[in-house]
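S.K.: First, the structure itself, so that you have it in front of you.
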Amino acid sequence: MKKVYSFNEGNKSMINLLGGKGGNLAEMTKIGLPIPEGIIISTQACKDYYKDGEKISKVLEDEILVKLDELQKQTGKNFGGKNPLLVSVRSGAPISMPGMMDTILNLGLNDKTAQYMIEVFKDSDFVYQSYYRFIQMFSEIVMGIDKEIFFDLKKEMLEKDNYTHQQLIKAGKEKYREITGHDFPEEPKEQLFMAINAIFKSWNNERAKIYRNIHKIDDNLGTAVVVQQMVFGNLNEKSGTGVAFTRDPSSGENHIFGEYLLKAQGEDIVAGIRTPEPIEKLKEQLPDVYIEFSKLAKKLEQHNKDMQDIEFTIENGKLYLLQTRNGKRSPYAAVKIAVDMVEEGLLTKEEAIMKVDASTLPQLLHGNFKQEAIEKAVLLGKGLPGSAGVAIGRVMFSAERADIRAMTILVREETSPEDIKGISLAQGIVTVKGGVTSHGAVVARGMGKCCVTGCAAIKINDIKREMYIGGYTVKEGDFISISGYTGEIYLGKVELSAPQFDKNLKKFVKWCQDIKRLKVRMNADTPADAKLGKSFGAEGIGLCRTEHMFFQKDKIWTIRQMILSNEPKEVKAALEKMHQMQKEDFKNIFTVVEEGTVIVRLLDPPLHEFLPKEAKDKQKMAEILGVSLEEIERRIVNLKDENPMLGHRGCRLAVTRPELYNMQARAIIEAAIECIKNGCTKLLPEIMLPLIIGAKELQFIKRNIEGEIKRVLQENNINIEYKIGTMMETPRACLLADEIARDVDFFSFGTNDLTQTTMGLSRDDSVKFMTEYYENGILKVEPFATIDERGVGKLVKLATELGRRTKPELEIGICGEHGGDPQSIDFFESVKLDYVSCSPFRVLVAIVAAAQAKLKAYKGIDYKWI
Ligand code: ADP
Ligand code: MG
Ligand code: MG
Numbered sequence: 009m010k011k012v013y014s015f016n017e018g019n020k021s022m023i024n025l026l027g028g029k030g031g032n033l034a035e036m037t038k039i040g041l042p043i044p045e046g047i048i049i050s051t052q053a054c055k056d057y058y059k060d061g062e063k064i065s066k067v068l069e070d071e072i073l074v075k076l077d078e079l080q081k082q083t084g085k086n087f088g089g090k091n092p093l094l095v096s097v098r099s100g101a102p103i104s105m106p107g108m109m110d111t112i113l114n115l116g117l118n119d120k121t122a123q124y125m126i127e128v129f130k131d132s133d134f135v136y137q138s139y140y141r142f143i144q145m146f147s148e149i150v151m152g153i154d155k156e157i158f159f160d161l162k163k164e165m166l167e168k169d170n171y172t173h174q175q176l177i178k179a180g181k182e183k184y185r186e187i188t189g190h191d192f193p194e195e196p197k198e199q200l201f202m203a204i205n206a207i208f209k210s211w212n213n214e215r216a217k218i219y220r221n222i223h224k225i226d227d228n229l230g231t232a233v234v235v236q237q238m239v240f241g242n243l244n245e246k247s248g249t250g251v252a253f254t255r256d257p258s259s260g261e262n263h264i265f266g267e268y269l270l271k272a273q274g275e276d277i278v279a280g281i282r283t284p285e286p287i288e289k290l291k292e293q294l295p296d297v298y299i300e301f302s303k304l305a306k307k308l309e310q311h312n313k314d315m316q317d318i319e320f321t322i323e324n325g326k327l328y329l330l331q332t333r334n335g336k337r338s339p340y341a342a343v344k345i346a347v348d349m350v351e352e353g354l355l356t357k358e359e360a361i362m363k364v365d366a367s368t369l370p371q372l373l374h375g376n377f378k379q380e381a382i383e384k385a386v387l388l389g390k391g392l393p394g395s396a397g398v399a400i401g402r403v404m405f406s407a408e409r410a411d412i413r414a415m416t417i418l419v420r421e422e423t424s425p426e427d428i429k430g431i432s433l434a435q436g437i438v439t440v441k442g443g444v445t446s447h448g449a450v451v452a453r454g455m456g457k458c459c460v461t462g463c464a465a466i467k468i469n470d471i472k473r474e475m476y477i478g479g480y481t482v483k484e485g486d487f488i489s490i491s492g493y494t495g496e497i498y499l500g501k502v503e504l505s506a507p508q509f510d511k512n513l514k515k516f517v518k519w520c521q522d523i524k525r526l527k528v529r530m531n532a533d534t535p536a537d538a539k540l541g542k543s544f545g546a547e548g549i550g551l552c553r554t555e556h557m558f559f560q561k562d563k564i565w566t567i568r569q570m571i572l573s574n575e576p577k578e579v580k581a582a583l584e585k586m587h588q589m590q591k592e593d594f595k596n597i598f599t600v601v602e603e604g605t606v607i608v609r610l611l612d613p614p615l616h617e618f619l620p621k622e623a624k625d626k627q628k629m630a631e632i633l634g635v636s637l638e639e640i641e642r643r644i645v646n647l648k649d650e651n652p653m654l655g656h657r658g659c660r661l662a663v664t665r666p667e668l669y670n671m672q673a674r675a676i677i678e679a680a681i682e683c684i685k686n687g688c689t690k691l692l693p694e695i696m697l698p699l700i701i702g703a704k705e706l707q708f709i710k711r712n713i714e715g716e717i718k719r720v721l722q723e724n725n726i727n728i729e730y731k732i733g734t735m736m737e738t739p740r741a742c743l744l745a746d747e748i749a750r751d752v753d754f755f756s757f758g759t760n761d762l763t764q765t766t767m768g769l770s771r772d773d774s775v776k777f778m779t780e781y782y783e784n785g786i787l788k789v790e791p792f793a794t795i796d797e798r799g800v801g802k803l804v805k806l807a808t809e810l811g812r813r814t815k816p817e818l819e820i821g822i823c824g825e826h827g828g829d830p831q832s833i834d835f836f837e838s839v840k841l842d843y844v845s846c847s848p849f850r851v852l853v854a855i856v857a858a859a860q861a862k863l864k865a866y867k868g869i870d871y872k873w874i
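First residue of the sequence shown? That's 9 in my numbering, and the numbers climb one at a time after it.
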């Protein structure tokens, strides 16, 4: 198999083999752009390199030499001879990993070719500068010698009275021998093979490995190597080097954006020794080159149908392009560019939809800190990015005190369901313990609040009401600013940039809505949530949790009474009170949704979670029930589960206490009847049972609540449409889905619990060991954020097929955290679920991801960031 290609033998579709850099250089050559000639050694050769014990084979060397001969003929120059051919040796993987691997410039120089270069260019300063740079880069990249050593050496030499270029070169090579124990290689072919070996080796350097791990790039892709004729940006004042985007990557505006340096080589721009000029200035300095560049940039953008990030070099007034790729951009620019390109006729709507990274969209709704402000701010510490967004507020250590002052940031060791109210009032949340799927983060994401979790550097002193972090003492009431994008915590108020939900975004989302197949519903427990999700385009509610309703105001005391009383009469009275409260809650939510589906899940957590924890609350409970404090404590202990996740919860509650679910079913149907009578005629209430493990259990509960619903309908002398369905959260339910389907109208996969029960991992405890799972490559993705397709996904697929075999019209969806995750949505599309449901702030993400998933699955339209 062929392993070495000339630029004119390749094209863009061969990127897996030629790397992004090589494939695009070949493509640019094909369409006639000014590209210095070159050859590409394929990624397959890199794989062979690792198979052959980390060295390139003789066979490959020979193949390279044949192509090198061709290159000499094409360029009319000689590698190692008169009229010398110098080359760059560049790395380029199929997926770009900026700054992770290496490039060597000016290879082919030695004492002899340097003389020949001087004959050609008549400028020894230029030649020796290039030569020294080559020695420096070669030493760094091939031998791992710190480049600072060569900078220092140069400084030292320049200070000498009788300084000559030749001496500097000699000193450089001596340094090389001193450190490596070998002579600097003079023979250009030896230089070349050593460089190629080094680039292949750099595929597995530490930073590249870490980068691939973070970005989930396959370790087996390998890198290609580009060997390309040098052009010299450092030749004279009519030469230079630069980088430019075809559109502004931050605002998306349609104009060239970039910078350049005259009399400089590639590395100088990034090295930061000289400050580059904005590209507009090139218009004055080299107007012809500027016009030419603008023309070629447009052409490249048209050809690749995307905003381009271009590297170029000018040699003595002549422009060369050295690299192009699809440019990285802000979420705001991504949407604007996609919409603009459709309007310019460059893209179809379908192509444009693929070009926005759905997961970045929430940033457009939350805004962010201004970059200049961040640079000036005091960074106190860093936790994990729990929920996107930024917040500024006064530190508050207690959820109860969070509402005393507006603009608070709740800082807690960890959060619990009792903190809900405090969280809902706070601007943002910080926790000392817990990972990105901990309670605080999940709730914060659900509410679209910014959250930083797991900031272990914080020490809270509850008594003094202050915390210690990053050498500072922050008192309750002091301002901090937190970023849920980065996990960073700053002292004081950091200035914000404006949120940007504009006409482009609206237009873009509309296109996605028209194209997608999956319905997108929201997880909403309150009228405010429902209103928000609806404004983002949610089609009804896929999960309305009833437990949070009881934490509001005084309701908690009613449910506590219902749970803890031993007097049947008292229990009944409490239930009746709960019934009235629930009915009111449901009416309020139904009224906001107005039409379509509202899926209400009946009570799910263990009853123990509702009970008082603090002594004064227990005392109050004892007084309410007229029993002793000891008796209350005894009853609380009795209700405690050894293992709450697998304990007395979900529909288990309805098997032991049927009156609970009956009361909730009654409240739902009564509320629906009233709303329908008030004009919401298209409302469809759906009742959902949590944590079912089998058909018999389901039948038992369903008989009870259906009896209750019949009574309600008779009492009101009306017939309304409603549905009863089940969550699928246990492996057993999935395995028996064909039996279960007979008795229900819908399935909703609760993928949070299904992941826990399938993997046998508790979400909250897993933060203690998951890091090691990722670091050691045991798991690639976070199973509580992205569905574990191979395991949990297999159950989802199986249950879907079994359920539909029994009942083809069965409605099937998902309502876990995964409902707002683009990669998981791809999977849910592939198994043909009917809907996904996610928190209101993820609705936009889900709409866009659902459209993308459909385009990938049915139209074969995909997109790759190169
Ligand atoms: P990276 O992947 O880090 O961007 P590159 O291989 O693109 O590394 O090389 C960095 C820079 O080196 C290029 O942007 C260009 O300015 C310069 N360079 C690379 N090859 C050549 C060449 N053949 N002629 C002139 N300059 C080059
Ligand atoms: Mg580059
Ligand atoms: Mg559950």
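Here a beta-carbon is modelled for each residue, glycine too, at the ideal position from N, C-alpha and C. Values in this document were obtained by computation on a predicted structure and should not be read as measured data.
Tell me, to the nearest whole angstrom, how far the beta carbon of glycine 550 is from that of glycine 821; I am working on the premise that it is less than 8 Å.
M.R.: 6 Å
S.K.: Which whole runs of the alpha helix (DSSP H) in the region 502-585 are 4 residues long or more, in chain order?
M.R.: 511-523, 535-543, 563-572
S.K.: Nearest to glutamate 911 by CA position, among Leu418, Ala252, Val839, Met653, is which residue?
M.R.: Since the first residue shown for the chain is 9 and the last is 874, residue 911 is missing from the structure and cannot be characterised.
S.K.: Glutamate 496: buried (16+ other C-beta within 10 angstroms of its C-beta) or exposed?
M.R.: buried
S.K.: Under 7 Å from any heavy atom of ligand 2, does the C-beta of glutamate 319 make it?
M.R.: yes
S.K.: Please say whether phenylalanine 792 and arginine 771 have beta carbons closer to each other than 8 Å?
M.R.: yes
S.K.: Under a Cβ-count criterion, where at least 16 other Cβ atoms within 10 Å of its own Cβ denotes burial, should leucine 637 be classed as buried or exposed?
M.R.: exposed
S.K.: Going by DSSP, name the residue or residues bridged to leucine 392.
M.R.: Thr461
S.K.: Which residue spans inside the region 11-94 form an unbroken beta strand (DSSP E) run of at least 3?
M.R.: 12-14, 46-49
S.K.: As a quick exercise: from Gly61, Ile103, Ile701, pick the residue whose alpha carbon is nearest that of asparagine 24.
M.R.: Ile103
S.K.: Tell me whether lysine 326 sits in a helix, a strand or coil according to DSSP, three-state version.
M.R.: Of the three classes helix, strand and coil, the one that applies to lysine 326 here is strand, per DSSP.
S.K.: With distances taken Cα to Cα, identify the nearest neighbour of leucine 697 among Ala680, Phe594, Arg609.
M.R.: Arg609
S.K.: Just the Cα atoms here: how many angstroms apart are phenylalanine 558 and aspartate 522?
M.R.: 38 Å
S.K.: Going by DSSP, what residues sit across from valine 233 in a beta bridge?
M.R.: Ile49, Ser99
S.K.: Report the CB separation of serine 14 from lysine 75 in whole angstroms; it is logged as a contact under 8 Å.
M.R.: Cβ atoms of serine 14 and lysine 75 come within 8 Å of each other, at about 6 Å.
S.K.: Would you please state the rounded distance, in angstroms, between the beta carbons of alanine 396 and glutamine 371? I believe it to be under 8 Å.
M.R.: Beta-carbon to beta-carbon, alanine 396 and glutamine 371 are separated by about 6 Å, close enough to satisfy the 8 Å threshold.
S.K.: On the DSSP letters alone, give me the boundaries of the beta strand (DSSP E) that glutamate 292 sits inside.
M.R.: Glutamate 292 -> not in any beta strand (DSSP E); alpha helix (DSSP H) instead, spanning 290-293.
S.K.: Between which two residues does the beta strand (DSSP E) holding asparagine 114 run?
M.R.: That run of the beta strand (DSSP E) goes 111-115.
S.K.: Which one of Met362, Val601, Gly541 has the shortest CA to CA distance from lysine 867?
M.R.: Closest in alpha carbon position to lysine 867, among Met362, Val601, Gly541, is Met362.
S.K.: Shorter than 7 Å, the distance from the beta carbon of glutamine 331 to the closest heavy atom of ligand 2, or not?
M.R.: yes
S.K.: Go through its chain and collect everything with a Cβ distance to valine 135's Cβ below 6 Å, but skip five positions before and after it.
M.R.: Ala122, Met125, Ile126
S.K.: How about phenylalanine 598 and alanine 680: are their beta carbons less than 8 Å apart?
M.R.: yes
S.K.: Short of 7 Å in beta carbon distance, which residues of its chain neighbour aspartate 751, apart from the five on each side in sequence? Order them along the chain.
M.R.: Ala703, Leu706, Gln707, Lys710
S.K.: Classify asparagine 376: buried if its beta carbon has 16 or more other beta carbons within 10 angstroms, exposed otherwise.
M.R.: buried
S.K.: With 16 other CB atoms within 10 Å as the buried threshold, where does glycine 479 fall?
M.R.: exposed
S.K.: Taking the continuous beta strand (DSSP E) assigned at threonine 249, which residues delimit it?
M.R.: 248-253
S.K.: Report yes if the C-beta of serine 96 is less than 7 Å from at least one heavy atom of ligand 1; otherwise report no.
M.R.: At a threshold of 7 Å, serine 96 counts as near ligand 1, since its beta carbon sits closer than that to one of the ligand's heavy atoms.
S.K.: So the candidates are Glu194, Asn686, Met315; which of them puts its Cα closest to the Cα of isoleucine 345?
M.R.: Each of Glu194, Asn686, Met315 was checked against the Cα of isoleucine 345, and the nearest Cα belongs to Met315.
S.K.: Excluding the 5 residues flanking isoleucine 717 on each side, which residues of the same chain have their C-beta closer than 6 Å to its C-beta?
M.R.: Ala673, Ile677
S.K.: Going by the C-beta, is leucine 113 closer than 7 Å to any heavy atom of ligand 1?
M.R.: yes
S.K.: Do the region 297-311 and the region 36-43 meet, that is, are 3 or more Cβ pairs less than 8 Å apart?
M.R.: Taking 8 Å as the limit for Cβ pairs, the verdict is that the region 36-43 does touch the region 297-311.
S.K.: Whose C-beta lies closer than 7 Å to the C-beta of lysine 524 among residues of the same chain, with five residues either side of it excluded?
M.R.: Excluding sequence neighbours, lysine 524 sits near Ile855, Ala858, Ala859, Lys862.
S.K.: Is the region 481-488 touching the region 447-461, taking contact as three or more C-beta pairs under 8 Å?
M.R.: Fewer than three pairs of CB atoms, one per stretch, sit closer than 8 Å, so the region 481-488 makes no contact with the region 447-461.
S.K.: Would you check if the region 683-702 and the region 718-738 touch, i.e. whether three or more CB-CB distances between them fall below 8 Å?
M.R.: yes
S.K.: Starting from the N-terminal side, write out each stretch of the alpha helix (DSSP H) that is 4 residues or longer and does not extend beyond the region 642-684.
M.R.: 660-664
S.K.: Identify whether alanine 858 lies in helix, strand or coil by the three-state DSSP scheme.
M.R.: In the structure shown, the three-state DSSP call for alanine 858 is helix.
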